[in-house]
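Accompanying notes for the structure given below.
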Amino acid sequence: MEFSVQEIPALIESVLPELYLLILAVFLGIEVIGRVPQVLHTPLMSGSNALSGVVVIGSILMVGRAEDAHWSVLVLASLSLVLATVNVVGGFAVTARMLNMFRKKK
Amino acid sequence: METLIQIGYLVALVCFVLGIKGMSHPDTARRGNWTLALGMGLATLVTMMQPGLGNLPLILISLGLGSWWGMRMSSKAQMTEMPQMVSLLNGFGGLAAALVALSEVVDMFYGDAMVNLLMEAMGMGVLGQYYLLFYVVTLMISLAVGGISFTGSVMAMAKLDGKVSGQPLRFPMQGLVTNGLLVIMLVLTVAIATWPSYTLPLIVILMILSLVYGVLFVLPIGGADMPVVISFLNSLTGLTAATTGLLFDNRAMLMGGVLVGASGIYLTMLMCKAMNRTLGAVLLGQFNSGSGQAAREMSGQIKEIGLYDTAVLLAYSSRVVVVPGYGLAVAQAQHLVHELEKILAAKGAECKYAIHPVAGRMPGHMNVLLAEADVSYDLLVEMEAINPDFPLTDVVLVIGANDVVNPAAENDPGSPIYGMPILQVHQARNVIVIKRSMAAGYAGVENELFYDPKTRMLFGDAKAVLGDLIQAIKGL
Numbered sequence: 740m741e742f743s744v745q746e747i748p749a750l751i752e753s754v755l756p757e758l759y760l761l762i763l764a765v766f767l768g769i770e771v772i773g774r775v776p777q778v779l780h781t782p783l784m785s786g787s788n789a790l791s792g793v794v795v796i797g798s799i800l801m802v803g804r805a806e807d808a809h810w811s812v813l814v815l816a817s818l819s820l821v822l823a824t825v826n827v828v829g830g831f832a833v834t835a836r837m838l839n840m841f842r843k844k845k
Numbered sequence: 003m004e005t006l007i008q009i010g011y012l013v014a015l016v017c018f019v020l021g022i023k024g025m026s027h028p029d030t031a032r033r034g035n036w037t038l039a040l041g042m043g044l045a046t047l048v049t050m051m052q053p054g055l056g057n058l059p060l061i062l063i064s065l066g067l068g069s070w071w072g073m074r075m076s077s078k079a080q081m082t083e084m085p086q087m088v089s090l091l092n093g094f095g096g097l098a099a100a101l102v103a104l105s106e107v108v109d110m111f112y113g114d115a116m117v118n119l120l121m122e123a124m125g126m127g128v129l130g131q132y133y134l135l136f137y138v139v140t141l142m143i144s145l146a147v148g149g150i151s152f153t154g155s156v157m158a159m160a161k162l163d164g165k166v167s168g169q170p171l172r173f174p175m176q177g178l179v180t181n182g183l184l185v186i187m188l189v190l191t192v193a194i195a196t197w198p199s200y201t202l203p204l205i206v207i208l209m210i211l212s213l214v215y216g217v218l219f220v221l222p223i224g225g226a227d228m229p230v231v232i233s234f235l236n237s238l239t240g241l242t243a244a245t246t247g248l249l250f251d252n253r254a255m256l257m258g259g260v261l262v263g264a265s266g267i268y269l270t271m272l273m274c275k276a277m278n279r280t281l282g283a284v285l286l287g288q289f290n291s292g293s294g295q296a297a298r299e300m301s302g303q304i305k306e307i308g309l310y311d312t313a314v315l316l317a318y319s320s321r322v323v324v325v326p327g328y329g330l331a332v333a334q335a336q337h338l339v340h341e342l343e344k345i346l347a348a349k350g351a352e353c354k355y356a357i358h359p360v361a362g363r364m365p366g367h368m369n370v371l372l373a374e375a376d377v378s379y380d381l382l383v384e385m386e387a388i389n390p391d392f393p394l395t396d397v398v399l400v401i402g403a404n405d406v407v408n409p410a411a412e413n414d415p416g417s418p419i420y421g422m423p424i425l426q427v428h429q430a431r432n433v434i435v436i437k438r439s440m441a442a443g444y445a446g447v448e449n450e451l452f453y454d455p456k457t458r459m460l461f462g463d464a465k466a467v468l469g470d471l472i473q474a475i476k477g478l
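Those sequence lines, one after another, are chains H and L. Taking our numbering, the leading residue of the first sequence gets 740, the next gets one more, and so forth. Taking our numbering, the leading residue of the second sequence gets 3, the next gets one more, and so forth.
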């Protein structure tokens with residue numbers, strides 16, 4: 740592959756919209772947590788762990804991409820779909836269980 | 003249809019942000035969790051509406067299987083095992099990301115993904131070269147970081163479970179080996195990116211190395227720091243979700259992943275701050291500067307106290323503070339301690355719980371465990387709030403806690419835990435420590451508190467001792 744310095748501005752321009760999104764999302768991620776009380780550290784971590792299962796979208800797209808894909812692709816992709824779903828469903832369910840305990844006493 | 007899908011993703015993203023925001027306040031936390039779940043459900047649903055999506059039965063079966071498995075795991079886990087549970091789930095997420103990347107790689111070699119990629123790259127003219135490079139590098143990051151997150155999380159779980167020793171494990175030239183591995187992985191990535199079409203073996207090697215790296219990364223870190231490690235690995239899984247989003251040109255995945263990555267790192271640093279450590283020190287497996295020096299010799303005598311004397315002491319106190327530790331949770335004695343608290347309150351004593359930021363195995367873990375036993379929320383007092391009260395406290399009951407009440411953290415610069423904020427129970431009038439044996443705490447450090455003239459030890463299993471203690475107080 741050949742690369743030249745002259746192409747770099749065009750390259751940067753082409754990824755600029757994504758770059759905007761990325762940088763803003765980083766700030767958002769930090770700001771949105773703000774001053775979270777210690778009590779909520781564990782549930783918050785568990786909830787954001789469930790959220791990291793968004794990979795599930797990628798798994799679905801991968802499994803569904805080709806009817807005639809090689810069998811090994813389908814095996815790997817469906818395995819990843821199962822695991823990502825466990826991450827999402829298990830994550831939210833566990834978080835809900837933790838948070839439910841804070842509710843009942845008053 | 004395409005527009006509808008994009009709008010669906012946008013709404014899902016708003017749910018993600020509102021959900022995380024909600025989860026950082028006690029009043030809105032429950033709603034926040036459901037908002038997150040709603041967003042995730044929506045994102046999954048619109049993904050299924052993608053035109054040309056094949057293998058629908060396989061997708062539905064996998065989703066169903068995963069949901070069933072996830073529900074089963076989450077409903078079976080004990081509350082004391084929560085940190086392990088989160089760690090394992092995070093490992094699954096990391097492995098899922100790595101497998102998506104791997105299946106993409108395999109598709110390149112057996113299917114037509116490579117041809118499509120090259121066509122697309124050619125269509126982009128000069129930029130195509132960069133596009134190709136970018137694509138391959140992103141793919142390798144998903145693969146490697148996902149793998150690290152997977153084995154790292156499994157190791158963290160094993161350490162918390164005690165299946166692998168919680169002590170930091172070291173071997174000769176560890177730094178060299180671990181960092182060398184990282185360098186090799188970077189070189190491999192560059193090599194793969196430069197010759198994308200001939201490199202299936204290299205990619206497999208990269209994947210294996212990343213799995214090994216995950217294990218080596220967690221080995222030298224002590225068990226007490228596992229929550230920080232899990233939070234950090236969670237952030238890494240977020241990063242892989244983001245890079246996978248780039249691969250599929252999917253903004254919901256990209257933004258969701260970045261949100262988790264950024265908030266995860268921030269949360270990790272908050273946790274470190276609570277322990278007066280830096281993230282770097284935790285990840286390098288070091289305790290504070292004192293680690294080189296020998297800890298001070300313990301002097302004095304351990305004094306024991308009997309059940310009856312303890313009962314009398316407690317029954318005639320007006321201010322009692324309970325310091326619950328992980329030992330309490332392991333012995334499943336939360337309900338008994340709540341009963342003791344009610345009896346003392348009925349006798350007119352003021353009884354509170356002092357919660358250290360890292361009590362239990364994770365920040366906030368002890369609150370969850372006590373809440374499970376119906377302990378009232380306003381009796382749980384955080385460290386900063388209760389420390390000034392200790393000099394006025396008649397009896398402090400330390401149950402299964404150790405390092406968080408060790409005065410060496412304040413007055414012995416040679417101690418490995420020097421600098422960690424502690425509950426200053428040594429300032430109370432009487433300290434009673436309920437403990438199974440004289441074994442050192444999770445950090446492996448001797449505790450000066452036990453040698454303090456005001457301290458008396460009540461040896462035994464927390465559950466048995468508390469049960470007997472309650473009977474003794476009732477019988478007075």
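Positions of the beta carbon are idealized from the N, C-alpha and C atoms, including for glycine.
Asked	Found
By Cβ distance below 6 Å, which residues in the same chain neighbour residue 470 of chain L in space, the five residues on each side in sequence not counted?	309
State yes or no: is the C-beta of residue 804 of chain H within less than 9 Å of the C-beta of residue 56 of chain L?	yes
Quick one: what's residue 457 of chain L bridged to in DSSP?	L/433
On the CB-based measure, 16 or more other CB atoms within 10 Å of its CB, does residue 29 of chain L come out buried or exposed?	exposed
Between residue 92 of chain L and chain H, is the shortest Cβ-Cβ distance under 9 Å, so that the two count as touching?	yes
Rounded to whole angstroms, what is the Cα-Cα separation between residue 189 of chain L and residue 141 of chain L?	15 Å
Leaving out five residues on either side along the sequence, give the residues of the same chain with a beta carbon under 6 Å from the beta carbon of residue 399 of chain L.	324 and 434
Note down the Cα distance separating residue 370 of chain L from residue 384 of chain L, rounded to an integer number of angstroms.	14 Å
Based on the DSSP secondary-structure assignment, which residues constitute the bridge partners of residue 401 of chain L?	L/326 and L/436
Give a yes or no on whether the minimum CB-CB distance between residue 293 of chain L and chain H is below 9 Å.	Interpretation of residue 293 of chain L is limited by its pLDDT of 41, a score under 50 that renders its predicted location unreliable; no figure is taken from the coordinates.
Taking only beta-carbon positions, decide if residue 758 of chain H is within less than 9 Å of chain L.	no
Distance check for residue 348 of chain L and residue 39 of chain L, CA to CA, integer angstroms please.	43 Å
Mind checking who residue 321 of chain L pairs with in its DSSP beta bridge?	L/352
Is it buried or exposed for residue 374 of chain L, if we count other Cβ within 10 angstroms and need 16 for buried?	buried
Where does residue 448 of chain L fall in DSSP's three states?	coil
Got a sec? Which residues, its chain only, sit under 7 Å from residue 408 of chain L by beta carbon, not counting five neighbours each side?	419, 424, 447, 449, 450 and 451
Taking DSSP's pairing of strands, which residues face residue 357 of chain L in a bridge?	L/384
Does the stretch 70-88 of chain L come within contact of the stretch 825-835 of chain H, defined as at least 3 CB pairs closer than 8 Å?	yes
Output yes if chain L places a C-beta closer than 9 Å to the C-beta of residue 782 of chain H; else output no.	yes
Where does residue 395 of chain L land, buried or exposed, given buried means 16+ other C-beta within 10 angstroms?	buried
Can you find a C-beta in chain H that's less than 9 Å from the C-beta of residue 297 of chain L?	Because the pLDDT at residue 297 of chain L is just 47, under 50, the model does not fix this residue reliably, and the point stays unresolved.
Beta-carbon of residue 289 of chain L versus every beta-carbon of chain H: anything under 9 Å?	Its pLDDT being 47, under 50, residue 289 of chain L is placed unreliably in this model, and the coordinates cannot settle the point.
What residues in the stretch 101-113 of chain L bring their beta carbon closer than 8 Å to a beta carbon of chain A?	Considering every chain present, this structure includes no chain A. Its protein chains are H and L.
Name the one or two DSSP bridge partners that residue 306 of chain L has.	L/459
Listed from N- to C-terminal order along the chain, which residues in the stretch 183-200 of chain L have their beta-carbon within a distance smaller than 8 Å of any beta-carbon of chain H?	196
Classify residue 53 of chain L: buried if its beta carbon has 16 or more other beta carbons within 10 angstroms, exposed otherwise.	exposed
Taking the alpha-carbon positions, what's the residue 205 of chain L to residue 216 of chain L distance?	17 Å
Is the CB-CB distance between residue 758 of chain H and residue 256 of chain L below 9 Å?	no
Report the option in L/275, L/390, L/427 and L/13 whose CA atom is closest to the CA atom of residue 365 of chain L.	L/275
Which same chain residues, not among the five before or five after residue 240 of chain L, have their C-beta less than 6 Å away from its C-beta?	259, 262, 263 and 266
For residue 374 of chain L, return the contacting residues in chain H, with the cut-off set at a CB-CB distance below 7 Å.	840
At which residues does the alpha helix (DSSP H) containing residue 197 of chain L begin and terminate?	No alpha helix (DSSP H) contains residue 197 of chain L, which DSSP labels as neither H nor E.
Would you tell me roughly how many angstroms separate the C-alpha atoms of residue 422 of chain L and residue 49 of chain L, rounded to the nearest one?	47 Å
Measure the C-alpha to C-alpha separation of residue 795 of chain H and residue 329 of chain L and round it to an integer number of angstroms.	38 Å
How is residue 774 of chain H classed by DSSP in three states: helix, strand or coil?	coil
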